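Chains as they are written, first to last, in the numbering used here: chain R, 98 to 286; chain L, 98 to 286. Ideal placement from N, C-alpha and C gives every residue a C-beta, glycine not left out. Predicted model, so just to flag it, every value in this text is computed and none were measured.
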DNA sequence: ACCTTAAAGCAAACCTGTTGCTTCTGGGGG
DNA sequence: CCCCCAGAAGCAACAGGTTTGCTTTAAGGT
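1. Going residue by residue through the segment 113 to 152 of chain L, where are the continuous alpha helix (DSSP H) segments of at least 4 residues, counting only ones entirely within it?
2. Taking the C-alpha atoms as reference points, what is the distance between residue 113 (chain L) and residue 198 (chain L)?
3. Under 8 Å, Cβ to Cβ, is there at least one residue of chain R near residue 256 (chain L)?
4. Counting along the chain, where does the alpha helix (DSSP H) carrying residue 249 (chain R) start and finish?
5. Give me the chain R residues within the contact set of residue 262 (chain L), using Cβ-Cβ distance strictly less than 7 Å, ordered along the chain.
6. Does any residue of chain R bring its CB to less than 8 Å from the CB of residue 281 (chain L)?
7. Taking only beta carbons into account, state which residues of the segment 183 to 212 of chain R come closer than 8 Å to chain L, listed in chain order.
8. To the nearest angstrom, report how far apart residue 223 (chain R) and residue 243 (chain L) are at their CA atoms.
9. Anything in chain L within Cβ reach of residue 225 (chain R), meaning under 9 Å, just list it in chain order.
10. Hey, is residue 264 (chain R) close to the ligand GDP, as in C-beta under 7 Å from one of its heavy atoms?
11. Decide if the segment 265 to 277 of chain R is in contact with the segment 157 to 176 of chain R; the criterion is three or more beta carbon pairs, one per stretch, under 8 Å apart.
12. If we define contact as Cβ-Cβ less than 8 Å, is residue 247 (chain R) a contact residue for chain L?
13. Using a Cβ-Cβ cutoff of less than 6 Å, which residues in the same chain neighbour residue 190 (chain R) once the five nearest sequence positions on both sides are dropped?
14. Between residue 251 (chain L) and residue 275 (chain L), how many whole angstroms is the CB-CB distance? I'm expecting something under 8 Å.
15. Taking residue 274 (chain R) as the query, report the chain L residues whose CB atoms sit under 8 Å from its CB, ordered along the chain.
16. Answer with buried or exposed for residue 232 (chain L), where buried requires no fewer than 16 other C-beta atoms within 10 angstroms of its C-beta.
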């Protein structure tokens, strides 16, 4: 998101959105590797130099678009209990992130991200979702672990394996991580 | 490493090593962003097309070099006990990986890695080191967790935070992860 | 309505990345 | 020991992506 807040109502905003749209359309049409800045510029009705000046290069533009796509569009479903909420969320997270498309977005997001702000944003999305789940659990009177603890015990292992060790990663593993977290955390209740 | 085993004694090997050396030298001289294939080729006394044909593009070449640099050069030190061995290893791992240089290498390794083999290699390095520690502990008669468990509880959280959430990551956090792992795992002894 | 300023358009220069073909090196067979 | 073969590097020309200085346009404030 590094370069988004620019005169929200004006021409910049139109260009921004036209470019993002062009990226998404062309990605579907010509594939991830067929994307080039001049091509995107043409589709967006913009000159290449505009893109280079605003985003720096293709990787940073793709990083912006990727982060946008990794934003959860809906709050985590309420299954009536912390364990089932977390389990369902972890399974869905894994599903989305481990898919070829998800992996590509994660890579893109990390790739064109000199200062780490896009990666931070992704992590914040996950943390927010977890926070919603934990808050709900607390309101029910359930004992809950810390957000950071959930990040360390569930999100991090899933993401690490997606990036470095895809083999043997499945929904069962995700469930195991959540179970391990809640078991080890029982003392805190 | 994907493209290294090529006629070990011949010209290919010389080119390989000349190019790798050139990358390391130039990275120190002109910085990560100043690197270009033609520049590296010139320093290595090679034509650009050679590099393009062997490595594909700059990112894949950098990925190869990065993985080489991420290989641990020494076995983990023996501190006489599982807890201290793991703690020391985790602290050192964090030190090396969280440094600006380490982060750059990780990013490079992930970046130019279409099939995930370089990332897998990095993960294997860590797993091997942990295996050495666990084997040593088992020989002492200590109860030990599984390698995969250590990866999930220590390596993954560290790596996830290095990539996505650098804030508040320090040696204390690393120690806490190891402590949490061993506490939760006490039952297995 | 004007004025300021940031961002987009334009066009030319530059350089990276690509490719077909040739040349050379090193290993294996006769 | 020499010759032949396959693979890899050199070379050169080309296509296209990237950079940059200058001009023009459009938002927003006065």
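Judging by the given coordinates:
1. 134 to 141 and 145 to 152
2. Approximately 23 Å, taken between the alpha carbons.
3. yes
4. Element bounds for residue 249 (chain R): n/a, residue is neither H nor E.
5. 217 and 220
6. yes
7. 204, 207 and 208
8. 27 Å
9. The contacting residues do not exist; residue 225 (chain R) stays about 13 Å from chain L at best.
10. The ligand GDP is absent from the structure shown, which contains no ligand whatsoever.
11. no
12. no
13. none
14. 6 Å
15. 249
16. With fewer than 16 other Cβ atoms within 10 Å, it is exposed.
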